[in-house]
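A.B. asks:
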Amino acid sequence: MEQVDDDGVATGVMQIRLVGVGNEFRADDGLGICVARELRRRGLPGVDVREHGGEAAGLIELLRGASAVFIIDAISAGKPPGTIHRIDAARGRISQALFRFSTHGYGVAEGIETARILGILPPLTLIFGIEGEAFGQGMGLSDPVVKNVPSLMYLIKSEIEQLQAG
Amino acid sequence: MKNRVIKVDQLARVEGEGAVFIKITDGKVADVKLRIYEPPRFFEAFLRGRDFTEVPDITARICGICPVAYQMSSVHALEDAMGVKVEGPLRELRRLIYCGEWIESHVLHVFMLHAPDFLGYEDALLLAKDKPELVKMALAMKKIGNDIVALLGGREIHPINVRVGGFYRVPSRNDLRGLLDRLKWGRDRAIEAVKLTSTLEFPELETDYEFVSLRSPGEYPFSGGRIVATSGLDIAIREYEFHFEERHIQHSNALHSVEKGRGSFQVGPLARFNLNFDLLSPAARHAADAVSLKPPVRNPFRSIIVRSVETVYAFDEAIRIIENYTPPDRPAVDIEVKKGIGFGASEAPRGMLYHRYRVADDGRILDAKIVPPTAQNLQTIEADLRKFASANVDMDRETLTWKCEQAVRNYDPCISCATHFVRLERT
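First to last, the sequence lines map onto chains F and A.
The opening residue of the first sequence carries number 956 in my numbering; numbering runs sequentially from there.
The opening residue of the second sequence carries number 8 in my numbering; numbering runs sequentially from there.
Dropping the structure here:
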């Protein structure tokens, strides 16, 4: 059992969590869910893989106690569709404008920033995503996103393996 | 007198994509339009041709905040179509998972989405900076709701353990009793929240609304029962469409509901409280009495206190269910698939949610109708905005815009969106 101190920060074994965020019924917003499922299917030893709708308070609970969290979500930052993003929360405030959707306006960016304010943001919090093209109702990712899913998964896997190798 | 337009292109802290447009001409409100994009239409089409057993899981994905409400309305409607009634411990477990959802949703709305308006913070982040202990407490309260939903639903979001006829698996007594201490702690915090929210400053806005909610003998409403209204309406759920209809409004992608022969109406915490006050648990009623909150509450800004009272109720009801729980013999009742039409309604945190399904003899869904609480409240929200803006035309633009957003948030509407949403135009 991992040791967790009063603030919920892991002090023992490294706890790595991967959270796929999104809604699979909103086209490219399903990216996070799709990637989390695929990585889980292929196997990610030593990683707690979760799916989440992106509501901030629930996300904070998934950040709490982990030593490293990888959040996968569709990005809407005005870059060409298919662009792969890697955002390190340690580098500064996460902009709400990166994400097309949030739950009641209280989403991924707010979750990370609230965790930072409360002192429970994991030492390593990374957001990986792909710039989406279509965010309407419907299932399935758009072509520019699908094309780059393998590269995104490779990047995430490599970074996790590097972290685990110490 | 200045002319102006208030526009909020994306409604902050509201689910969905919404925009509010208010036009003030010659010191008078000339136009109010609430435009929203609404997911259920897509899902109604998506469900056609699916097996009835898939419906609870699919509808759970319509809303990230109230998946249980969508599941409960759908299973009630499909059980109605199959001629099945779920009673006893299975029904109690369904009430328990509903308690979890109310706790999650109400705590989120009261503390993170609505309280910042009253306390003068632009968002929950600024509130967290100033009052971290309050936010930590709210997160701990909300987590209890999450844990109930995760335990019974199999997952925290988009629960998958609910099925037509019951559950796939049910918890043991010990599984549930482990929650009791935290539920009692949460109930105490919710009682404090009632006191805290009752001291807030409430903008003036009173309307003699037509409130509509479910009502069942002996229990504050979660699922099933009859539909009642302030006007005296008292009908079976299957009669809903004889009395209420959805109209297409040109400026909105969403359908607006009206009560036939009357017009706008209101569903949600105020409606439930006003029509079911006598059915609150003693702890919840006492919490309301302690701050002199009595029905009828007609100021929608005061919904934040009512949500807090309902949070006390949800904690209290969860404690009652767990203390009396004996696991059922089977996790679900048998379903004999047959063709039919079924009607169901339950009380989502933000109001009554109506479902109707027509099922073929092989269990396929022939058609589905879903009327979410937000669609039922849209006309009322617009009317509130018109009234509020008319009474405050001289307020400076920034304050009026914020107050109008707050007025929309009174309804905790499911309007998917990201940041700010009201646009005020003076001409």
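We treat Cβ as the ideally placed atom computed from N, Cα and C, and that holds for glycine.
All of these numbers come straight from a predicted model, not from anything done at the bench.
Quick one: grab the DSSP three-state call for residue 217 (chain A).
C.D. replies: Counting from 1 along the second sequence, the entry for residue 217 (chain A) is found at position 210. In this structure, residue 217 (chain A) counts as coil in the three-state DSSP scheme.
A.B. asks: How big is the Cα-Cα spacing for residue 1036 (chain F) and residue 1084 (chain F)?
C.D. replies: Stepping through the first sequence from its first residue, residue 1036 (chain F) is reached at position 81. Stepping through the first sequence from its first residue, residue 1084 (chain F) is reached at position 129. Distance between the alpha carbons of residue 1036 (chain F) and residue 1084 (chain F): 11 Å.
A.B. asks: Have a look at residue 136 (chain A) and residue 128 (chain A) and give me their C-alpha separation to the nearest angstrom.
C.D. replies: Counted from its first residue, the second sequence places residue 136 (chain A) at position 129. Counted from its first residue, the second sequence places residue 128 (chain A) at position 121. Taking the straight line from one Cα to the other gives about 10 Å.
A.B. asks: CB residue 170 (chain A) to CB residue 318 (chain A), shorter than 8 Å?
C.D. replies: Taking the second sequence and counting its residues from 1, the one referred to as residue 170 (chain A) is at position 163. Taking the second sequence and counting its residues from 1, the one referred to as residue 318 (chain A) is at position 311. Contact flag unset, no.
A.B. asks: The beta strand (DSSP E) spanning residue 251 (chain A) covers which residue range?
C.D. replies: One-based indexing of the second sequence puts residue 251 (chain A) at position 244. Start and end: 251-255.
A.B. asks: Going by DSSP, what residue range makes up the beta strand (DSSP E) through residue 1040 (chain F)?
C.D. replies: Against the first sequence, residue 1040 (chain F) aligns to sequence position 85. Counting along the chain, the beta strand (DSSP E) containing residue 1040 (chain F) begins and ends at 1039-1043.
A.B. asks: Assuming contact is defined by CB atoms lying nearer than 8 Å, are residue 250 (chain A) and residue 240 (chain A) in contact in what I supplied?
C.D. replies: For this step, residue 250 (chain A) is matched to residue 243 along the second sequence. For this step, residue 240 (chain A) is matched to residue 233 along the second sequence. The answer is yes: Cβ separation under 8 Å.
A.B. asks: What residue range does the beta strand (DSSP E) around residue 1083 (chain F) cover?
C.D. replies: Taking the first sequence and counting its residues from 1, one reaches residue 1083 (chain F) at position 128. Taken as a continuous stretch (DSSP letters only), the beta strand (DSSP E) holding residue 1083 (chain F) covers 1079-1086.
A.B. asks: Could you tell me whether any Cβ in chain F is nearer than 8 Å to the Cβ of residue 104 (chain A)?
C.D. replies: Against the second sequence, residue 104 (chain A) aligns to sequence position 97. Not closer than 8 Å to any Cβ of chain F, the Cβ of residue 104 (chain A) fails to qualify, so no.
A.B. asks: What do you get for residue 968 (chain F), buried or exposed, if any count of 16 or more other CB atoms within 10 angstroms of its CB means buried?
C.D. replies: Here residue 968 (chain F) corresponds to residue number 13 of the first sequence, with the count starting at 1. Exposed, since its Cβ has fewer than 16 Cβ neighbours within 10 Å.
A.B. asks: Residues in the same chain with beta-carbon distance under 6 Å from residue 98 (chain A), minus the five sequence neighbours each way, listed in chain order, please.
C.D. replies: Working through the second sequence from its first residue, we reach residue 98 (chain A) at position 91. Nothing listed; no residue qualifies.
A.B. asks: Under 8 Å: do the region 173-190 of chain A and the region 335-351 of chain A share three or more Cβ pairs, one atom per stretch?
C.D. replies: Judged by Cβ distances under 8 Å, the region 173-190 of chain A makes contact with the region 335-351 of chain A, as three or more pairs qualify.
A.B. asks: Determine the contact status of residue 326 (chain A) and residue 190 (chain A), defining contact as a CB-CB distance below 8 Å.
C.D. replies: On the second sequence, residue 326 (chain A) is found 319 positions in, with the first residue counted as 1. On the second sequence, residue 190 (chain A) is found 183 positions in, with the first residue counted as 1. A contact, by the Cβ cut-off of 8 Å.
A.B. asks: Quick one: grab the DSSP three-state call for residue 406 (chain A).
C.D. replies: As a working note, residue 406 (chain A) is residue 399 in the second sequence. Of the three classes helix, strand and coil, the one that applies to residue 406 (chain A) here is helix, per DSSP.
A.B. asks: Name the residue from A:193, A:247, A:403 and A:388 whose alpha carbon lies nearest to the alpha carbon of residue 212 (chain A).
C.D. replies: Sequence index remark: in the second sequence, residue 212 (chain A) carries index 205 (1-based). The residue with the shortest Cα to Cα distance from residue 212 (chain A) is A:388.
A.B. asks: Going by the CB atoms, is the gap between residue 983 (chain F) and residue 1097 (chain F) shorter than 8 Å?
C.D. replies: Here residue 1097 (chain F) refers to the residue found at position 142 when the first sequence is read from its first residue. Here residue 983 (chain F) refers to the residue found at position 28 when the first sequence is read from its first residue. Yes, the pair counts as a contact, with Cβ atoms nearer than the cut-off.
A.B. asks: So with Cβ pairs under 8 Å, would you call residue 119 (chain A) a contact of chain F?
C.D. replies: Within the second sequence, numbered from 1, the residue matching residue 119 (chain A) stands at position 112. Yes, its Cβ sits closer than 8 Å to a Cβ of chain F.
A.B. asks: Quick check: the Cα distance between residue 242 (chain A) and residue 221 (chain A), rounded to an integer number of angstroms?
C.D. replies: Here residue 242 (chain A) is taken as the residue at index 235 of the second sequence, counted from 1. Here residue 221 (chain A) is taken as the residue at index 214 of the second sequence, counted from 1. Answer to the nearest angstrom: the Cα atoms are 10 Å apart.
A.B. asks: Residue 1051 (chain F): which of F:1005, F:1030 and F:1034 sits nearest, CA to CA?
C.D. replies: Looking up residue 1051 (chain F) in the first sequence gives position 96. Nearest option by C-alpha distance: F:1030.
A.B. asks: Using a Cβ distance threshold of 8 Å, determine whether the region 1059-1072 of chain F contacts the region 1090-1106 of chain F, with at least three qualifying pairs required.
C.D. replies: With the cut-off at 8 Å, the region 1059-1072 of chain F and the region 1090-1106 of chain F do not touch.
A.B. asks: According to DSSP, is residue 343 (chain A) part of a helix, a strand, or is it coil?
C.D. replies: In the second sequence, counting from the first residue as 1, residue 343 (chain A) sits at position 336. In this structure, residue 343 (chain A) counts as coil in the three-state DSSP scheme.
A.B. asks: Name, in chain order, the residues that DSSP records as bridge partners for residue 233 (chain A).
C.D. replies: Walking along the second sequence from the start, residue 233 (chain A) turns up at place 226. Paired residue(s): A:222 and A:243.
A.B. asks: Which complete alpha helix (DSSP H) runs does the region 144-204 of chain A hold, if anything under 4 residues is left out?
C.D. replies: Correct list: 180-184.
A.B. asks: Determine the closest residue to residue 1015 (chain F) out of F:1046, F:1088, F:1065 and F:975, with distance taken between C-alpha atoms.
C.D. replies: Counted from its first residue, the first sequence places residue 1015 (chain F) at position 60. Cα-wise, what sits closest to residue 1015 (chain F) is F:1065.
A.B. asks: Give me the Cβ distance between residue 987 (chain F) and residue 1027 (chain F), rounded to the nearest whole Å; I'm assuming they're in contact under 8 Å.
C.D. replies: To locate residue 987 (chain F), count along the first sequence from 1; it is residue 32. To locate residue 1027 (chain F), count along the first sequence from 1; it is residue 72. So it is a contact: roughly 4 Å between Cβ atoms.
A.B. asks: On the DSSP letters alone, give me the boundaries of the beta strand (DSSP E) that residue 971 (chain F) sits inside.
C.D. replies: Along the first sequence, one-based indexing puts residue 971 (chain F) at 16. It spans 971-976 - the beta strand (DSSP E) in which residue 971 (chain F) sits, taken as one unbroken run.
A.B. asks: From residue 27 (chain A) to residue 406 (chain A), what distance separates their C-alpha atoms?
C.D. replies: Taking the second sequence and counting its residues from 1, one reaches residue 27 (chain A) at position 20. Taking the second sequence and counting its residues from 1, one reaches residue 406 (chain A) at position 399. So the two alpha carbons sit approximately 15 Å from each other.
A.B. asks: Suppose the cutoff is 7 Å on Cβ atoms and the five residues either side in sequence are ignored; what does the same chain contact list for residue 56 (chain A) look like?
C.D. replies: As a working note, residue 56 (chain A) is residue 49 in the second sequence. Within the same chain, residue 56 (chain A) has close Cβ partners 371 and 372.
A.B. asks: Considering only DSSP beta bridges, list what residue 337 (chain A) is partnered with.
C.D. replies: Taking the first residue of the second sequence as 1, we reach residue 337 (chain A) at position 330. Answer is none; residue 337 (chain A) lacks a bridge partner.
A.B. asks: Chain A beta carbons: is any one of them nearer than 8 Å to that of residue 1088 (chain F)?
C.D. replies: Sequence index remark: in the first sequence, residue 1088 (chain F) carries index 133 (1-based). No, no contact with chain A.
A.B. asks: Below 7 Å on C-beta distance, what does residue 207 (chain A) contact in chain F?
C.D. replies: To locate residue 207 (chain A), count along the second sequence from 1; it is residue 200. In chain order: nothing, as chain F lies at least about 20 Å away.
A.B. asks: Which of the three DSSP states is assigned to residue 1094 (chain F) in this structure?
C.D. replies: Reading the first sequence from its first residue, position 139 is the one you call residue 1094 (chain F). Reduced to three states, the DSSP call for residue 1094 (chain F) is coil.
A.B. asks: Please check the pair residue 359 (chain A) and residue 383 (chain A), which I expect to be a contact at CB under 8 Å, by giving their CB distance rounded to whole angstroms.
C.D. replies: As a working note, residue 359 (chain A) is residue 352 in the second sequence. As a working note, residue 383 (chain A) is residue 376 in the second sequence. The Cβ separation is near 7 Å, so the contact holds.
A.B. asks: Taking the beta strand (DSSP E) that residue 365 (chain A) falls in, what are its first and last residues?
C.D. replies: What you label residue 365 (chain A) is simply residue 358 of the second sequence in a count that begins at 1. Here the beta strand (DSSP E) through residue 365 (chain A) covers 358-366.
A.B. asks: Buried or exposed for residue 92 (chain A), going by 16 or more other Cβ atoms inside 10 Å?
C.D. replies: Residue numbering aside, residue 92 (chain A) sits at position 85 when the second sequence is read from its first letter. Exposed: under 16 other Cβ atoms inside 10 Å.
A.B. asks: For the region 128-148 of chain A, which residues have a beta carbon sitting closer than 8 Å to at least one beta carbon of chain F?
C.D. replies: Flagged, chain order: 130, 131, 132, 135, 136, 139, 142, 143, 145 and 146.
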